[in-house]
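Following: one structure in structure tokens, then a few remarks.
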Amino acid sequence: MGKAAVPATRAGLEKLYDRLLRHFGHAGWWPGETAFEVCVGAILTQNTSWTNVEKALGALRQRDLLSAPKLRAVPVSRLARMIRSSGYFNVKARRVRAFLDFLHREYGGRVDGMTGEGPWELRAKLLTVDGIGRETADSIVLYAAGHPLFVVDAYTRRVFARLGLLNGDEPYDAIQRFFMERLPPNAQLYNDFHAQIVRLGKDICRPRPRCDACPLQGPCPKRGV
DNA sequence: GGCCAGGACACCA
DNA sequence: TGGTGTCATGGC
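Read in order, the letters of the first sequence are residues 162 to 386 in our numbering.
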């Protein structure tokens, strides 16, 4: 593939972030109105486009169910029908309920109770919940609890493979270490950097042309364009 | 009509 | 430990 477009150093990553920031502006992420909505959205977006998740969140909001105690009172079968648009709805309804039970058991149903935990302790606890894996746990830790854990998702793999810094098939934890060993533990930075990666990821490996100011350079290894 | 999208888990060799 | 099947809707 040739020389990587960005050096795999702290300076290289920070320079890339600055370029993304200038190109896109601050992302203002996560796309959720409350920390609780972030948690539910993190589960619903598993292997699913955000537009489908928005419909499901909208259905819950319309019924005024976007709070832990109200949503926990909803039978799983009814919850599944309401989140149908997000796909895998039977599985995800069980997972949302498992998270709600966890939240009730550990923090009395209060999302802000999670902020009192250290990031790794909270992550470890979340990973014990059925249906919450690494990416979902890290999204909750970063975007709902505000602790600095770098989130790795399909966009992260796609963008950094394109940049020549990753193969894209490395284990999740290895990719997370790649970022966290090079960037200061700053939740605001991790938050916005990941959001920028997602915005960029939506634009690459797609048929539509990139604009001249696109921060990525060189051909896409997947499509050759 | 096929492919893809911000995963996670069970099962098997 | 790694590979594979399963879960499912909606947009293009």
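Glycine is no exception: its CB is placed at the ideal position from the N, C-alpha and C atoms.
Every value quoted in this text rests on a predicted model; they were computed, and no experiment measured them.
Query                                                                                                                 : Result
Inter-residue CB distance, I204 and A220 (contact presumed, cutoff 8 Å)                                               : The Cβ separation is near 15 Å, so there is no contact.
Member of E282, I365 and L326 whose CA lies at the smallest distance from the CA of L310                              : E282
Counted within 10 angstroms of its Cβ, other Cβ atoms place L226 as buried (16 or more) or exposed                    : buried
Continuous alpha helix (DSSP H) stretch holding N328: start and end                                                   : Segment: none, N328 is in no alpha helix (DSSP H) and carries neither H nor E.
Which listed residue (I336, A315 and L344) has its alpha carbon closest to that of S210                               : A315
Three CB pairs or more closer than 8 Å across the segment 181-197 and the segment 352-366                             : yes
E342 versus E278 - alpha carbon distance                                                                              : 22 Å
Alpha helix (DSSP H) segments (min. 4 residues) lying fully within the segment 187-223                                : 196-205 and 211-223
Rounded separation between Q207 and V201 - CA only                                                                    : 11 Å
Beta-carbon proximity of N213 to S238, cut-off 8 Å                                                                    : no
Counted within 10 angstroms of its Cβ, other Cβ atoms place T317 as buried (16 or more) or exposed                    : buried
8 Å Cβ cutoff met for D262 and R284                                                                                   : no
Cβ-Cβ distance between N347 and L303 below 8 Å                                                                        : no
Residues near A196 in its chain [Cβ-Cβ closer than 6 Å; skip 5 each side]                                             : V272 and A305
Spatial neighbours of S228 in its chain, beta-carbon cut-off 8 Å, leaving aside the 5 residues before and after       : F197
Residues of its chain near D291, where Cβ-Cβ distance is below 6 Å and the 5 sequence neighbours each way are ignored : A259
Within 8 Å, strictly: CB atoms of V313 and Q337                                                                       : yes
Anticipated Cβ contact below 8 Å, A166 with G325, distance rounded                                                    : 6 Å
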